[in-house]
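So the structure is just underneath, and the comments pick up after that.
Numbering (our numbering), first residue to last: 702 to 776.
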């Protein structure tokens, strides 16, 4: 079974592509992998931002009220 790609709804047999087209296809695959990697990094950064925001809110409450909420979340 030959590998195929679909571009704008049209299927193409990769074996019939020119060498240049196969190189372009490999470049597209590399860019897609890079995008997935960057999306994973972005998700990690968004998680870190959430954690830091929560810590900041807790610190503000502790300073304003004298109540340290951090102890509620620890074992």
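Ideal Cβ placement from N, Cα and C applies to all residues, glycine included.
Between the CA atoms of residue j and residue i - distance to the nearest angstrom
i, j, result
"residue 725", "residue 745", "30 angstroms"
"residue 718", "residue 735", "24 angstroms"
"residue 768", "residue 755", "15 angstroms"
"residue 752", "residue 765", "20 angstroms"
"residue 715", "residue 707", "10 angstroms"
Reduced DSSP secondary structure (H/G/I, E/B, other) of residue i
i, result
"residue 712", "strand"
"residue 758", "helix"
"residue 769", "coil"
"residue 719", "coil"
Beta-bridge pairing of residue i - partner residues as DSSP gives them
i, result
"residue 705", "714"
Near the ligand ZN: residue i beta-carbon under 7 angstroms from a heavy atom
i, result
"residue 708", "As presented, the structure is devoid of all ligands, the ligand ZN included, so that no description of it is given."
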